[in-house]
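Residue numbers (full-length UniProt numbering), protein chains in the order written: chain A, 1 to 236; chain B, 1 to 422; chain C, 1 to 255.
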Amino acid sequence: MITIKDISKRFGKLQALDKVNLQLHASECIALIGPNGCGKTTLIKIILGMVRPDAGTVLFKGKDVRNEDAYRRQIGYMPQIGRYPEHMTVGQILDMIKGIRSDETALDLELYDQFGMEELLQKKMRTLSGGTTQKVSAVLAFLFRPQVLILDEPTAGLDPVAADLLKEKIIKERNAGRLILITSHILSELEDLVSHVVFLQEGKLMLHKSALALKSDTGANSLAQSIVHLLKNVAT
Amino acid sequence: MPKEAMSTNKYLRIICWYTLSMLVYTNIAARVLEVGAGKTYSGIKPALAASHNEDTIKVYKGIYKEGNIIIDKAVCLEGVGQPVLDGELKYEILSVRSSHVVIRGFTLQQSGRAAMSDPGAIKVYDAAQVLIENNTLLDNYFGIYLQYASNCEVRNNYIKASQVEESQSGNGIHCWKSDSLRIIGNHVSGHRDGIYFEFVTHSVIWRNIAQDNLRYGLHFMFSHENAYITNYFKNNGAGVAVMFTKKVVMINNTFEENWGDAAYGVLFKELSDCYLQGNNFVRNTTGIFFDGCNRLMIEQNNFSRNGWGMRLQANCTDNTIRRNNFRGNTFDVATNGSLVLNHFSENYWDKYEGYDLNKDGLGDVPYHPLSLYSVIVEKNPPAMLLYRSFMITLLDKTEKIIPSLTPDSFVDKTPKMRPYIL
Amino acid sequence: MIRILKYVVIDIVKNKIIIAYTLMLALFSWSAFGLEDNTAKGLLTVLNLVLLTVPLMSVLFATIYVYNSGEFIELLVSQPVKRSAIWRALFSGLSLSMVMAFLTGVGIPLLVYTDVGTALIMLLSGSLLSVIFVAIAFLSAVIARDKAKGIGVSILLWLYFALLFDGLVLFLFFQFADYPIEKIVVLLSALSPVDLCRILILLRLDVSAMMGYTGAVFKNFFGSNGGLVVSFLLLVLWVIMPFYFSLRRFKKKDL
């Protein structure tokens, strides 16, 4: 569904991404992992068109996304740290985004209800805690039933209940055949979710394997262990 | 009978006889000759030939093309129903060569054009007591031309031409070497000069309107001791020019919208001993331009919304400018030198920012009407483009506080706090 | 774009600074006309508002607003919206608000106290200057990533157009007083929108002097209807050019 071809990006002296190639398919749930500053967020932003790559192309369903915007209709994005206009209320933000993505499809209000958004509608964004802001981000990401979900550290800052609700939602969507791209530092969290693992280091793609293959390769019995194994191996 | 009484009697008798004979004479001689279709005379020329002094020739409605008509008798030529005399662009229409002529109620059009003989629609040669009134003059070379005339009156004529080139056009009312004229209530437009005087003295120019003339609305030279009262000059090519003249009085005239590099509300060149009062100078490039003028008294005039209220060349001396209103002018006063031998007092300057602590109606701080930028523009005219920019305002303010470039003697020590009601 | 524009305008109109700006303009212009019995003097005050205050406020407010809209832009960029639509909406919203503030603040006293022609040319110039300096603000905001730097660039640009440019031209006048530089100066004035506006207003206020003195080139250019149209086209170009360049850069910008 998403093809990443020879993507390179440099920020000043830092080579954020170096000729990364990836193929992502529907109903996959891909964990994007790597040490801090390895280029995860940059890769996500390039897929979303927020950052322009120096070289290479991103194809969405076979179409180059450069200078395109319509393909984002099929993507739900939850940023690592959601930044919103401070003086707008939750309700206004939801309204505005709804207005912009005036899709025909019925809205997915599951998370909206579960997170109790109704009571927050009148609140200004600047008054919200980090966790609540993340809830708004999550609601927005799932609201339009997108075919692709890109979740950057989705559970960071969420309380355990909310994190659990979100996880369940992710599984549900994966089972419904969506492509899910997820980054997280909490490896245990990814255990039940991911079908594939992508490992980036210093802007280079080190590994792209299915979770099962990875476990059997490393001989570990959990994903978390195999990834730790992987990290150690790379380090040596 | 005393000697004196007898002589009185004798005088009385003579007067009686004279009066009687006059009456008889008039009754017999002063006839009315009618000209027109179906009248006694079909043309003006035959009627004139048949007329005597003091006859009245009534010309009825129609178009008369009789070439040059010479009036050499003291007749009254009167149009009934505005008959048209047409010069066919070849002839001078009416040549007045007798005194005591009256020309009234005609439309005169298309006089001949010739640079040498200066033909006019009506030309008066060496005559006195001629009255020209209520005529309409259209598209003539010269309109009304008086030379060596005296005690003549030109009244309520409408004079209009439509030439574009100065050289193709003569003056509306042109007077040369004349004396004691009265030019009253005429309207002149589209000529080279509206009213032109040269060597004309002791005359009155009252209630005339001269506008849209190619060169000057009013132009006079070597014409001493004339009075210009309540005239209106608007949008003439170069405004009004007055040169080489003494003892002129100008009262209550309006000079308006004379725009251009060399256009002036009034240009005074080599004038002396004149008096200007109650005139309005509105929206002219330059209200008054003084060049070589001496002993002029300028008082109670309004200068408003002119580019330059007045420009005094350095060769002017002993002029008094007092009790005038200067309002909304871009520059109130400009000069080209640093020597100032003229007197400003008690004028109202709207740019004055002083105060009046003793409440005598006069500002306590002297006013320097010459702005720095007017000095700069004087030397470098295109710099006008920068006027009102912040830089320039700053410069001007600085100069007002610490004068350095503008002459110190250029000052009104008693500026008025409130405008005069004029 | 209209939908985004709606939110931008609602947001700006609620902004305290823009309300204060409107009130300040109103206060200055009403008192300028009210305190002086002389309309010409009041007009001068308003002229300085138009030529100095309006550009400064527009450029500063717009620059700061664009930087503060970082989150807003980021949020929208990840949505299926064209980047150009976001930028245009922000620009239109800001321009609209600045022009509205100017017209409410200055427009009413101008129309009350002066003749329609003068009022219209003042209002048109002020509105155009507002939009032009919003466009300039967009350019500096997109060039400098850092907020403080961006504001600095904006203030410098304002300083240049409002003050320094005239100084430079004046310097040219004195340096080349003996040469016929009139034509060049007319051309030069096109390089500063503030000067273009000033000359257009000058032609109205000081028409008597302007018609007389600066000679044929000037009269033929600015005095004619054609010149008027050209001047306004130039001003419109001053809106379009900075905005176009800022848009081009914004489209390629990494967020």
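Just so you know, even glycine gets a beta-carbon here, dropped at the ideal spot from N, CA and C.
Chain-ordered chain C contacts of residue i [CB-CB under 7 Å]
i, result
"glycine 328 (chain B)", "Ala40"
"methionine 391 (chain B)", "Leu163, Asp166, Gly167 and Leu170"
Within chain B, the residues that residue i reaches when beta carbons sit closer than 8 Å
i, result
"isoleucine 17 (chain C)", "None at all; the shortest Cβ gap to chain B is about 24 Å."
"phenylalanine 173 (chain C)", "Asn380, Pro382, Ala383 and Leu386"
"isoleucine 199 (chain C)", "Leu385"
Within chain C, partners of residue i - CB distance below 8 Å
i, result
"aspartate 350 (chain B)", "Asn38, Ala40 and Lys41"
"arginine 101 (chain A)", "Gln79 and Pro80"
"glycine 361 (chain B)", "Per Cβ cutoff of 8 Å: no residues; glycine 361 (chain B) is ~16 Å from chain C at best."
Chain B contact residues for residue i, given Cβ-Cβ distances below 7 Å
i, result
"valine 185 (chain C)", "Pro382 and Leu385"
"alanine 177 (chain C)", "Asn380"
"serine 189 (chain C)", "Leu385"
Residues bridged to residue i (per DSSP)
i, result
"aspartate 86 (chain B)", "B:Gln109"
"asparagine 280 (chain B)", "B:Thr254 and B:Asn302"
"alanine 262 (chain B)", "For alanine 262 (chain B), which the question treats as bridged, DSSP gives no partner whatsoever."
"serine 129 (chain A)", "For serine 129 (chain A), which the question treats as bridged, DSSP gives no partner whatsoever."
"histidine 208 (chain A)", "A:Val198"
"threonine 286 (chain B)", "B:Trp308"
"glycine 12 (chain A)", "Glycine 12 (chain A) pairs with nothing; no bridge assigned."
"leucine 218 (chain B)", "B:Ile195 and B:Val240"
"aspartate 152 (chain A)", "A:Thr183"
"threonine 56 (chain B)", "B:Val32 and B:Cys76"
"leucine 27 (chain C)", "For leucine 27 (chain C), which the question treats as bridged, DSSP gives no partner whatsoever."
"residue 428 (chain B)", "For residue 428 (chain B) there is no data in the structure shown, the boundaries of chain B being 1 and 422."
Outcome for residue i when other beta-carbon atoms lying within 10 angstroms are tallied against a minimum of 16
i, result
"aspartate 206 (chain C)", "buried"
"proline 193 (chain C)", "buried"
"serine 167 (chain B)", "exposed"
"serine 178 (chain B)", "buried"
"lysine 61 (chain A)", "exposed"
"methionine 1 (chain B)", "Annotation note: pLDDT 47 at methionine 1 (chain B) (below 50); position unreliable, no value reported."
"methionine 88 (chain A)", "buried"
"asparagine 221 (chain A)", "exposed"
"valine 65 (chain A)", "buried"
"methionine 122 (chain C)", "buried"
"valine 112 (chain C)", "exposed"
"histidine 368 (chain B)", "buried"
"serine 389 (chain B)", "buried"
"tyrosine 244 (chain C)", "exposed"
"phenylalanine 255 (chain B)", "buried"
"alanine 135 (chain C)", "buried"
"tyrosine 355 (chain B)", "exposed"
"glycine 130 (chain A)", "exposed"
Per-residue contacts from residue i into chain A (C-beta, under 9 Å)
i, result
"leucine 255 (chain C)", "Lys45, Met50 and Val51"
"lysine 252 (chain C)", "Arg52"
"arginine 249 (chain C)", "The contacting residues do not exist; arginine 249 (chain C) stays about 12 Å from chain A at best."
"aspartate 11 (chain C)", "Pro85, His87 and Met88"
Contact list for residue i against chain B, beta-carbon separation under 9 Å
i, result
"residue 342 (chain C)", "Residue 342 (chain C) lies beyond the residue range present for chain C, which begins at 1 and ends at 255; the question has no answer from this structure."
"alanine 32 (chain C)", "Chain B residues near alanine 32 (chain C): none, gap ~15 Å exceeds 9 Å."
"alanine 119 (chain C)", "Neighbours of alanine 119 (chain C) on chain B: none; closest Cβ ~16 Å, over 9 Å."
Residues in the segment 77-107 of chain C having any Cβ partner in chain A nearer than 7 Å
Against chain A - using a Cβ distance shorter than 7 Å - the residues of the segment 77-107 of chain C are Val77, Ser78, Gln79, Pro80, Val81 and Lys82.
Using a Cβ-Cβ cut-off of less than 7 Å, list which residues of the segment 41-55 of chain A approach chain C; keep chain order.
Listed by position along the chain: Leu48, Met50, Val51 and Arg52.
Does the segment 306-314 of chain B touch the segment 331-345 of chain B, meaning 3 or more C-beta pairs lie closer than 8 Å?
yes
Residues from the segment 57-77 of chain C in contact with chain B, defined by Cβ distance under 8 Å:
none
For the segment 64-78 of chain A, which residues have a CB atom closer than 7 Å to at least one CB atom of chain C, in sequence order?
The segment 64-78 of chain A vs chain C, Cβ under 7 Å: Asp69, Ala70, Arg72, Arg73 and Tyr77.
Does the segment 216-233 of chain B come within contact of the segment 243-251 of chain B, defined as at least 3 CB pairs closer than 8 Å?
yes
Output needed in chain order: residues of the segment 79-91 of chain A with a Cβ under 9 Å from some Cβ in chain C.
Pro79, Gly82, Arg83, Tyr84, Pro85, Glu86, His87 and Met88
With contact counted as at least three CB pairs below 8 Å, one residue from each stretch, are the segment 35-43 of chain A and the segment 14-23 of chain A in contact?
yes
Is the segment 31-45 of chain C touching the segment 163-183 of chain C in the sense that three or more CB pairs, one from each, lie closer than 8 Å?
no
Could you say if the segment 1-14 of chain C and the segment 392-404 of chain B meet the contact criterion of at least three C-beta pairs nearer than 8 Å?
Too few Cβ pairs lie closer than 8 Å, so no.
Quick check: the segment 100-120 of chain C against the segment 145-161 of chain C, are there 3 or more CB pairs under 8 Å?
With the cut-off at 8 Å, the segment 100-120 of chain C and the segment 145-161 of chain C do not touch.
Determine, using beta-carbon pairs with one atom in the segment 116-130 of chain A and one in the segment 142-155 of chain A, whether at least three such pairs fall under 8 Å.
no
Using a Cβ-Cβ cutoff of 9 Å, what residues of the segment 331-351 of chain B are near chain C? List them in chain order.
Phe331, Asp350 and Lys351
For the segment 228-249 of chain C, which residues have a CB atom closer than 9 Å to at least one CB atom of chain B, in sequence order?
none
Counting Cβ pairs, one atom from each stretch, are 3 or more of them under 8 Å apart for the segment 99-108 of chain A and the segment 45-54 of chain A?
No, the segment 99-108 of chain A is not in contact with the segment 45-54 of chain A.
If you pair each beta-carbon of the segment 2-22 of chain A with each one of the segment 164-171 of chain A, do three or more pairs fall below 8 Å?
no
Quick check: the segment 14-22 of chain C against the segment 98-111 of chain C, are there 3 or more CB pairs under 8 Å?
Taking 8 Å as the limit for Cβ pairs, the verdict is that the segment 98-111 of chain C does touch the segment 14-22 of chain C.
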